[in-house]
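The structure appears below as structure tokens.
Protein chains: 2
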Amino acid sequence: MVIERLPKPLRQQQLLKIIEENPFVTDQELTRQLKVSIQTIRLDRMELGIPELRERMKQMAERSLDQVRSLPLDEVIGEVIDLQLDKSGISIFEIREEHVFSRTGIARGHHIFAQANSLAVAVINNEIALTASADIRFVRSVQLGEKCIAKAYVRSMSGKKGKAKVEVFTYVGEEMVFQGNFLIYRSTGEEYSEGVSQHENRD
Amino acid sequence: MVIERLPKPLRQQQLLKIIEENPFVTDQELTRQLKVSIQTIRLDRMELGIPELRERMKQMAERSLDQVRSLPLDEVIGEVIDLQLDKSGISIFEIREEHVFSRTGIARGHHIFAQANSLAVAVINNEIALTASADIRFVRSVQLGEKCIAKAYVRSMSGKKGKAKVEVFTYVGEEMVFQGNFLIYRSTGEEYSEGVSQHENRD
DNA sequence: CAATAATTAGAACCAGGTACTAATATGTAG
DNA sequence: CTACATATTAGTACCTGGTTCTAATTATTG
């Protein structure tokens with residue numbers, strides 16, 4: 001093995017570090033910093049699975065684009081296909097390009113949450129319904145193109161004002177991908193005062 | 204002037220729009236969409252001051268890099284203003300028209316959740332970080348125009364892979380409006396398999 | 001010493017351009 | 001109708017930052 005010019009694994013580690021803290025470095029510059037030929041640099045990149053400069057920039061650019069695309073989700077998430085007020089409800093939400101991380105195709109958590117939350121709120125038959133708290137589990141990741149079917153069940157109610165417990169399960173086919181317990185605050189709408197929060201029913 | 208092949212200013216406007224909604228388009232593709240020669244496309248880009256594809260990608264990549272400097276400025280909802288990996292982070296998110304119920308001006312829960320969730324994920328210094336579960340409370344409702352300041356603290360970590368507990372508090376001014384405990388699954392990225400979920404870290 | 005691993009060299013090729021020159025429409029004003 | 005101006009297209013040379021492939025040259029080690 002090499003002894004003078006720094007052992008290979010060590011050099012590769014350095015290469016990794018250099019690129020990590022400056023992704024815009026060219027192979028040309030790397031030869032200067034690591035004192036090896038450009039071919040060696042390229043072999044190293046290959047072995048380490050590091051793409052070329054342009055590909056690295058492209059990936060970063062895509063990531064920054066994702067940020068912009070993720071914001072404009074205002075309306076109620078998912079399509080409600082069944083609703084029995086104060087009892088249960090079902091909604092469908094298909095994962096599209098704008099809902100996933102472009103690199104992995106995995107859906108962003110807040111979209112899955114949003115569908116469930118929207119449904120939990122919709123199922124409550126009050127002028128105003130806001131999520132007070134929630135306890136949620138992402139059972140498995142959801143991929144681009146998958147159809148999420150959320151089912152909500154009202155587990156308990158306390159009077160015309162007060163709180164309601166709603167349980168939501170989200171499925172892709174037979175598989176459960178998400179589960180959550182929502183505590184929904186219900187009000188007639190006279191005042192949306194303190195000690196409570198998020199979300200009302202219908203727009 | 205041209206009459207058949209669509210007047211120049213109109214074509215340039217279209218070009219601008221196409222690039223705006225898909226910055227990754229090549230001149231080659233633009234010729235197909237606008238039905239003019241590649242030279243015309245390039246003259247148009249010149250006149251409009253639109254740089255070439257690679258330059259556009261580079262700029263996007265740079266922007267995403269120096270927003271928080273260092274890579275981990277992910278798919279964060281809200282603007283990250285401080286980030287100490289594996290320790291803590293702060294982000295700001297202003298509630299605008301598109302985030303509220305039009306009738307009441309109350310912010311929809313999933314936006315508040317999204318900010319907190321994004322930050323909880325961003326603060327974890329791993330290739331992939333996904334929300335496994337969360338326990339959240341909406342303390343009080345947030346109104347249109349209010350600035351939400353989310354603060355995340357890593358409470359515990361278990362090795363390089365495994366789970367991390369992150370606590371997030373969101374404030375409007377002095378008031379706490381949201382609080383959540385997130386269990387984040389961390390992985391090196393070899394496989395984003397089962398039994399886990401949402402959200403990854405860096406690209 | 002021969003076999004193996006690591007490194008270097010070099011040439012061909014590629015995408016997605018820039019820069020520049022020149023020819024060819026297409027109008028429009030006089 | 002002609003002259004001139006503006007638009008559009010064509011074509012070539014060149015650039016960066018690579019990939020791919022073949023081959024030669026150094027170690028290194030068993």
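Residue numbers (this note's numbering), protein chains in the order written: chain A, 1 to 203; chain B, 204 to 406. Heads up, the beta-carbon is just placed ideally off N, CA and C, and yes, glycines get one too. Quick caveat, the model's predicted, so the values are computed rather than measured.
Check: Spatial neighbours of A:V172 in its chain, beta-carbon cut-off 8 Å, leaving aside the 5 residues before and after; Outcome: V142, E146, K147, C148, I149
Check: DSSP-derived helix/strand/coil call for B:K211; Outcome: helix
Check: Length of the line joining the Cα atoms of A:G78 and A:N22; Outcome: 41 Å
Check: Residue-level contact to chain A via CB, B:S390, 8 Å cutoff; Outcome: no
Check: Residues that A:D44 contacts on chain B, provided the C-beta gap is smaller than 7 Å; Outcome: None at all; the shortest Cβ gap to chain B is about 20 Å.
Check: Rounded straight-line distance, which links the Cα of A:H99 to that of A:G109; Outcome: 9 Å
Check: Neighbour-count burial assignment, A:R32, 16 or more Cβ in a 10 Å radius; Outcome: exposed
Check: Segment contact, 8 Å Cβ cut-off, at least three pairs: the stretch 249–264 of chain B with the stretch 324–338 of chain B; Outcome: no
Check: B:E223 CB to nearest heavy atom of the ligand MG below 7 Å; Outcome: Among the ligands in the structure shown, none appear at all, so the ligand MG cannot be discussed.
Check: Separation of B:N329 from B:V342, as counted between CA atoms; Outcome: 30 Å
Check: Contact list for B:M260 against chain A, beta-carbon separation under 7 Å; Outcome: M57, K58, A61
Check: Contact check, A:L48 vs A:E97, beta carbons under 8 Å; Outcome: no
Check: Cβ pair B:I331, B:S291 closer than 8 Å; Outcome: no
Check: Opening and closing residue of the beta strand (DSSP E) in which A:L130 lies; Outcome: 128–138
Check: CB of A:K151 within 8 Å of CB of A:L183, strictly; Outcome: no
Check: Range of the contiguous beta strand (DSSP E) that encloses A:S91; Outcome: 88–94
Check: Residue-chain proximity (A:D82, chain B), Cβ-Cβ < 8 Å; Outcome: no
Check: Chain-ordered chain A contacts of B:S361 [CB-CB under 7 Å]; Outcome: Residues of chain A passing the Cβ test: none, with the nearest at roughly 18 Å.
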